[in-house]
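Chains as they are written, first to last, in my numbering: chain Z, 1 to 200; chain G, 201 to 400.
Protein chains: 2
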Amino acid sequence: MKLYYSTTSPFVRKVMMVAEELGLLEQIEKEPVQAHPVSRSQAVLVSNPLGQVPTLLTDDGQAIYDSRVICEYLNEKAGGSLFGNQDSRWGILSELTALDGALAALVNARYEISVRPVELQWLAWVDALLDKSRTTLEYFESRVQELDERTDIVPFGLVCLLGYLDFRFAHFDWRKSYPGLDAWNNRFSQRPSVQHSIPA
Amino acid sequence: MKLYYSTTSPFVRKVMMVAEELGLLEQIEKEPVQAHPVSRSQAVLVSNPLGQVPTLLTDDGQAIYDSRVICEYLNEKAGGSLFGNQDSRWGILSELTALDGALAALVNARYEISVRPVELQWLAWVDALLDKSRTTLEYFESRVQELDERTDIVPFGLVCLLGYLDFRFAHFDWRKSYPGLDAWNNRFSQRPSVQHSIPA
Numbered sequence: 001m002k003l004y005y006s007t008t009s010p011f012v013r014k015v016m017m018v019a020e021e022l023g024l025l026e027q028i029e030k031e032p033v034q035a036h037p038v039s040r041s042q043a044v045l046v047s048n049p050l051g052q053v054p055t056l057l058t059d060d061g062q063a064i065y066d067s068r069v070i071c072e073y074l075n076e077k078a079g080g081s082l083f084g085n086q087d088s089r090w091g092i093l094s095e096l097t098a099l100d101g102a103l104a105a106l107v108n109a110r111y112e113i114s115v116r117p118v119e120l121q122w123l124a125w126v127d128a129l130l131d132k133s134r135t136t137l138e139y140f141e142s143r144v145q146e147l148d149e150r151t152d153i154v155p156f157g158l159v160c161l162l163g164y165l166d167f168r169f170a171h172f173d174w175r176k177s178y179p180g181l182d183a184w185n186n187r188f189s190q191r192p193s194v195q196h197s198i199p200a
Numbered sequence: 201m202k203l204y205y206s207t208t209s210p211f212v213r214k215v216m217m218v219a220e221e222l223g224l225l226e227q228i229e230k231e232p233v234q235a236h237p238v239s240r241s242q243a244v245l246v247s248n249p250l251g252q253v254p255t256l257l258t259d260d261g262q263a264i265y266d267s268r269v270i271c272e273y274l275n276e277k278a279g280g281s282l283f284g285n286q287d288s289r290w291g292i293l294s295e296l297t298a299l300d301g302a303l304a305a306l307v308n309a310r311y312e313i314s315v316r317p318v319e320l321q322w323l324a325w326v327d328a329l330l331d332k333s334r335t336t337l338e339y340f341e342s343r344v345q346e347l348d349e350r351t352d353i354v355p356f357g358l359v360c361l362l363g364y365l366d367f368r369f370a371h372f373d374w375r376k377s378y379p380g381l382d383a384w385n386n387r388f389s390q391r392p393s394v395q396h397s398i399p400a
């Protein structure tokens, strides 16, 4: 399989962690892409009309995207249980959606700050985008005692969100507001798949 | 079931069409929400930390979101075949992602034009967001001869994208650039579920 890839995308990071957890890492050839929201990758556009990473090409050439679909495909390929069972599946997919939505808002906030000309930036909008992380982290802080027991994909999505906040929004200081998540993150981040995929 | 709902959201529209196609419309109680990107709905936030519509509450109180997850849940509940089979599933989910991604970019373009103060608007950014619709419609224009045969969810996602362009971006004039999609859309829009959900 070939994965259109960037080292800084939190969505790519989730795919890489899941691939490592499922023992599929060696089957994935990484194809680096300079992801840019305005001038998109022509190489990726051939397979995915959004031109976004991550995009996976299977060995028979089928394009699979976005990260949520890729993770579910890898899970099925490996016979994993990251998406739960018939009953737990909908809660898992919904929580993963919350984490992906908070991350997408952060990526948009990052574009606002780093791509848009400074005289056109709107700080109230950046704050509204960051607020999706606040409400999502509040949700998980109130359920933090369940996290250690979970064996599905949601903790990996959560560690991507926290890691992206550290990487791009250090001033957000989530550790102070969400001490339960801080302690959980310290434990969960011992996993090799989390260590191997820290953005840099 | 209860659906947090707005008449203008293209993502809600997809859920409503799918519910009607699956014969589930009468089981869904619609709860109107004033969706706003900056001051989000407190009612929805209780169930979904993103505070977005559509959010579905099942009869036993479970929250399911976003539109993709809701549609798949409804499909499974009704024993439908909108998400294909084991093999076709990944292509369907990926194409649905392209349509959702193009729609999300349009919704962001709409925020840029209608929510952001006019002196902070950046037209190059609006154009980059609209470009996701262009590449996505090119993709489907080149496959338009397959669309009439398809019985999965993708044509419903496509009609949502085209309908939202008509509703909010009439100047985009997709009919001129994509004549195959224009003809297909005229045929597909005869379906009651499409007629019943036209945004207004």
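For every residue, glycine included, the Cβ atom is placed at its ideal position computed from N, Cα and C.
| Query | Result |
| --- | --- |
| The region 55-63 of chain Z touching the region 340-360 of chain G, judged by at least three CB pairs closer than 8 Å | no |
| Residue burial classification, Tyr-186 of chain Z (beta-carbon count within 10 angstroms, cutoff 16) | In the sequence as presented, Tyr is not what sits at residue 186 of chain Z; that position holds Asn. Its Cβ having fewer than 16 others within 10 Å, Asn-186 of chain Z is exposed. |
| Min CB distance Glu-338 of chain G to chain Z below 8 Å | yes |
| Within 8 Å, strictly: CB atoms of Tyr-65 of chain Z and Glu-31 of chain Z | no |
| Integer Cβ distance of Ser-78 of chain Z from Leu-25 of chain Z, believed to fall under 8 Å | According to the sequence displayed, residue 78 of chain Z carries Ala and not Ser. Not really, about 11 Å apart at Cβ, beyond 8 Å. |
| CA-to-CA distance, Arg-316 of chain G to Thr-402 of chain G, given in whole angstroms | In the structure displayed, chain G extends from 201 to 400; residue 402 of chain G sits before or after that span and is not available. |
| contact_flag[the region 156-167 of chain Z, the region 84-103 of chain Z] where n(CB pairs < 8 Å) is 3 or more | yes |
| Three-state class that DSSP yields for Pro-379 of chain G in the structure shown | helix |
| Sequence ranges, alpha helix (DSSP H) only - wholly within the region 289-319 of chain G, length at least 4 | 289-314 |
| Within-8 Å CB hit, Pro-117 of chain Z to chain G | yes |
| Segment contact, 8 Å Cβ cut-off, at least three pairs: the region 170-179 of chain Z with the region 205-217 of chain G | no |
| Interface partners of Ser-209 of chain G on chain Z, CB under 7 Å | Going along chain Z, no residue has its Cβ under 7 Å from Ser-209 of chain G, so there is no contact; the nearest lies around 14 Å. |
| Cβ-based burial, Ala-128 of chain Z [other Cβ within 10 Å; buried from 16] | buried |
| The region 33-40 of chain Z touching the region 322-338 of chain G, judged by at least three CB pairs closer than 8 Å | yes |
| Option in G:Glu-338, G:Met-216, G:Thr-207 and G:Pro-249 with minimal Cα separation from Glu-141 of chain Z | G:Pro-249 |
| Short-range partners of chain G found in the region 18-51 of chain Z, where Cβ spacing is below 8 Å | Pro-37, Val-38, Arg-40, Leu-45, Asn-48, Pro-49, Leu-50 and Gly-51 |
| Own chain, CB closer than 6 Å to Leu-362 of chain G, minus 5 neighbours either side, in chain order | Asn-385 |
| Exposed unless 16 or more other CB atoms sit within 10 angstroms - verdict on Ile-92 of chain Z | buried |
| Beta-carbon spacing of Ser-247 of chain G, Ala-263 of chain G below 8 Å | yes |
| Interface flag, Gln-145 of chain Z vs chain G, CB-CB below 8 Å | no |
| Partners in chain G for Ile-64 of chain Z, counting only beta-carbon separations shorter than 7 Å | Trp-290 and Ser-294 |
| Cβ neighbours of Ala-219 of chain G in the same chain (closer than 7 Å, five flanking residues each side left out) | Leu-225, Ile-228 and Leu-274 |
| Cutoff 8 Å: Trp-374 of chain G Cβ touching any chain Z Cβ | no |
| Sheet register partners of Lys-202 of chain G (DSSP bridge) | G:Glu-229 and G:Leu-257 |
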